[in-house]
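**Q**
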Amino acid sequence: MSSEALSNLLHEDRRFPPPADLAAAANVTEAEYAEADADRIAFWEKQARRLSWAKEWDQALDWSKAPFAKWFVGGKINAAYNCVDRHVEAGNGEKVAYHWEGEPGDTRTITYAQLKDEVSKAANALVELGVQAGDRVAIYMPMIPETVVAMLACARLGAPHTVVFGGFSATALRDRIQDCDARVVITSDGGYRRGAPAALKPAVDEALLECPDVRSVLVVKRTEQDVAWTEGRDVWWHEAVEKQSTEHAPEFFDAEQPLYVMYTSGTTGKPKGILHTTGGYLTQVAYTHWAVFDIKPDTDIYWTAADIGWVTGHSYIVYGPLANGVTSVMYEGTPDTPHRGRWWELIAKYGVTILYCAPTAIRSFMKWGDDFPAKHDLSSLRLLGSVGEPINPEAYVWYRTHIGGDRTPVVDTWWQTETGALMISPLPGVTHGKPGAAMKALPGISADVVDDAGKPVPDGSGGYLVLTQPWPSMLRTLWGDDQRYVDTYWSRFPGSYFAGDGAKKDEDGDIWLLGRVDDVMNVSGHRLSTTEIESALVSHPSVAEAAVVGATDATTGQAVVAFVILRAASAGGDADEVGSMLRDHVAKEIGPIAKPRKILVVEELPKTRSGKIMRRLLRDVAEDRELGDVTTLTDSTVMDLIKTGLDSGK
Ligand code: WTA
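Numbering (full-length UniProt numbering), first residue to last: 1 to 650.
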């Protein structure tokens, strides 16, 4: 972030106190911070009692092998039972779990009782396919109810799922299936996106050419597209699941039973398999969902407008809302299909009271204009949330004004795939919100901002965000790579978790997030690694070398800009053609979200004497800025060469 943007942020003096009625009835009051501070462990034990345990834990936290944590040691629990069965047993079976809306306008209403039946049937079908506790199951699906059913069926059996975002390519899917050695894949023929059916099954077929150990593929029929069929391996969901009994007795597993693996980008090319386990994860998602969204299960209609393929979907479409027995909205498609008011139409139709989405969506809505939301009745909304990237004050204020009718609090929630649940956020009934600030760590969470030496910075200064105490929903390790877990998160500042984000404490000590400090980009709230895209580019036969940077972008936060050196045989071709060929190649290797916005063909890349590419300088070029310090370059004329080359190409 530029220093100008930073000082703008810090001169933000608008404040939004909680509305009086919301504060008076709020789930959480100021006192909760002190209560948690007095005894953090007792506080989390109290939150864990929101859940139903078959056997209570003997020890709340075992940190003796830090940084490998165990929470609620000895406790026995089943995540699916907590999300579904217990609500039915409590007499709430008729309550709606999801109002689902397909992109073409088809709808399904699913009650908790129906969800229980579907999850039980799917669990029975998975057992028939040989799935046992501990087996990994890959899920590659559109945003349809069966995706939730599939996840919960896995959880019910103690079989960790790994959901791969439907926008990822066959190659990305293959890498993830191989990394966690999944033996069963659940997918569908496709889903609807931007007004047309998009296929998923062909990518699975391609991925599985190199995954010989996958024995079964369960396929949901959604779009009725033609699909290729591998006899003996492929099974239709409706044939395998519909015939099953709606009875399935859940087994209660150890609190540390793996619940899921979610792959996310790191600073090196290979995606990291973030491992979450059951008891601690479910405790913190249930608590944070209830506290930060001020959930009133009897009256709220809650909507996280995100994809289930990301952690936000796991924690706040599936596990959090279901653990709390809430009614949610789930929408399959894009916000501009068939028109740019689709979200607002849905809010009016279902009477949504709480909306949670990403700043990149908010900035798109701002660009489309105030008229779209103005045409719909949004008066049911009482609370808005933001996640995934820093929300700039203008977007915050627009969101509050045009969506929230200038009445709803906005909670800017900071967290990560690794943290599993919200960590830093305002509390809507307590906090006087500052546009652009995530404010402070939630009760029971300890965060700080430190300098290079790991020393907490004084108020008014910036540094690195760290988490100084273990938390229940923390990742337990990286799948199959304990050492990388230690190196990535716990080595930079011994004793603390290094989040990879820059942050600033303002004069009041409140926290502002300033974006990544490593080689991870944030494009429309999606984490992408510069190295991963560079590897994809270099895997193309015409590319000799590549460097990727994230350039600031008004809508998507950051945009991918790639600098490539072509191999001699390919040089001299048409720059536009090369650009589009390489963009398609990246889409094929990783997925369309990773496509560079711009590809610049250059003769040389700026490198330090130790051979490291100086991305900082390339970012200056990509953002059309004055160049920073070039003295550490091996050859300081390289940048002149790049700049003149690009200018003459304009
Ligand atoms: C960024 C998404 C500023 C941050 C839940 C983090 C944010 C990364 C915020 C995690 C926020 C997330 N303000 N930045 N409120 N929320 N981030 O794993 O850089 O997809 O490290 O998890 O997104 O992205 P992930």
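Beta carbons are placed, not taken as given, at the ideal position from N, Cα and C, and that holds for glycine. None of the values given here were measured: they were computed from a predicted structure.
1) Restricting to Cα atoms, I'd like to know which of 89, 195, 397, 222 is closest to residue 335.
2) Assuming residue 219 contacts residue 246 under a Cβ cut-off of 8 Å, what Cβ separation, rounded to an integer in Å, is found between them?
3) Between residue 435 and residue 393, which are expected to be in contact by the criterion C-beta below 8 Å, what is the C-beta distance as a whole number of angstroms?
4) Would you say the beta carbon of residue 57 comes nearer than 7 Å to a heavy atom of the ligand WTA?
5) Pick from 224, 266, 584, 311: whose alpha carbon is nearest that of residue 417?
6) Residue 96 to residue 511, Cα distance in whole Å?
7) Can you name, in chain order, every residue of its own chain whose Cβ lies under 6 Å from the Cβ of residue 223, other than the five neighbours on each side?
8) Going by the beta-carbon positions, is the gap between residue 289 and residue 313 smaller than 8 Å?
9) Rounded to a whole number of angstroms, what is the C-alpha to C-alpha distance between residue 153 and residue 600?
10) By alpha-carbon positions, which one of 119, 241, 251, 107 ends up nearest to residue 55?
11) Can you check which of these residues, 390, 124, 532, is closest to residue 264 by C-alpha distance?
12) Based on DSSP bridge pairs, tell me the residues matched to residue 253.
13) Please classify residue 259 as buried or exposed, where buried requires at least 16 other C-beta atoms within 10 Å of its C-beta.
14) Count the other CB atoms, across all protein chains shown, that sit within 10 Å of the CB of residue 155; report buried if there are 16 or more and exposed otherwise.
15) Please classify residue 209 as buried or exposed, where buried requires at least 16 other C-beta atoms within 10 Å of its C-beta.
16) For the ligand WTA, is there a heavy atom less than 7 Å away from the beta-carbon of residue 163?
17) Just the C-alpha distance for residue 528 and residue 556, rounded to the nearest angstrom, thanks.
18) Between the beta-carbon of residue 495 and the beta-carbon of residue 518, is there less than 8 Å?
19) With H, G and I counted as helix, E and B as strand and the rest as coil, what does DSSP make of residue 493?
20) Work out the CA separation of residue 623 and residue 18 for me, nearest whole Å.
21) Taking 8 Å as the limit between beta carbons, can you name the residues of its chain near residue 80, skipping five residues before and five after?
22) On a Cα-Cα basis, can you pick out the residue from 182, 217, 570, 226 that is closest to residue 199?
23) My guess is that residue 419 and residue 474 are in contact by the Cβ rule of under 8 Å, so how many angstroms apart are they, rounded?
24) Locate the beta strand (DSSP E) running through residue 522, then write down its first and last residues.
25) Between 274, 378, 588, which lies nearest to residue 485 when the distance is taken from Cα to Cα?
26) Residue 386: beta carbon under 7 Å from a heavy atom of the ligand WTA?
27) For a minimum of 3 consecutive residues, which ranges assigned as the beta strand (DSSP E) are wholly contained in the region 173 to 258?
28) To the nearest angstrom, how far is the alpha carbon of residue 21 from that of residue 98?
29) Starting from the C-beta of residue 553, find all residues in its chain whose C-beta is less than 6 Å away, skip the five residues before and the five after it, and write them out in chain order.
30) Under the rule that 16 or more other beta-carbon atoms within 10 Å means buried, what is residue 69, buried or exposed?
31) Can you confirm whether the region 323 to 341 touches the region 297 to 305 when touching is taken to mean that 3 or more C-beta pairs between the two stretches lie within less than 8 Å?
32) Give the single residue among 524, 513, 598, 65 whose Cα lies nearest to the Cα of residue 477.
33) Are residue 449 and residue 505 closer than 8 Å when you measure CB to CB?
34) In this structure, what does DSSP give as the bridge partners for residue 549?
35) Please give me, in chain order, every unbroken run of the beta strand (DSSP E) with length at least 3 that falls completely inside the region 598 to 643.
36) Where do the ends of the beta strand (DSSP E) carrying residue 64 lie?
**A** According to the structure data:
1) 195
2) Going by Cβ atoms, the distance from residue 219 to residue 246 rounds to 22 Å, so no, they are not a contact pair.
3) Their Cβ separation, rounded to whole angstroms, is 4 Å, which keeps residue 435 and residue 393 in contact under 8 Å.
4) Every heavy atom of the ligand WTA is 7 Å or more from the Cβ of residue 57, so no.
5) 311
6) 37 Å
7) 189, 190, 197
8) With contacts defined by Cβ atoms closer than 8 Å, residue 289 and residue 313 do not form a contacting pair.
9) 47 Å
10) 251
11) 532
12) 77
13) buried
14) Label assigned to residue 155: buried.
15) exposed
16) no
17) Going from the Cα of residue 528 to the Cα of residue 556 covers about 13 Å.
18) no
19) coil
20) Distance between the alpha carbons of residue 18 and residue 623 is about 38 Å.
21) 119, 123, 152, 153, 155, 156, 250
22) 226
23) 6 Å
24) 520 to 523
25) 274
26) yes
27) With a minimum length of 3 residues, the continuous beta strand (DSSP E) runs that stay inside the region 173 to 258 are 184 to 188, 190 to 193, 196 to 199, 216 to 220, 234 to 236.
28) 27 Å
29) 559
30) Buried, because 16 or more other Cβ atoms sit within 10 Å of the Cβ of residue 69.
31) yes
32) With distances taken between CA atoms, residue 477 lies nearest to 65 out of 524, 513, 598, 65.
33) yes
34) Beta-bridge pairing links residue 549 to 561.
35) 598 to 601
36) 59 to 65
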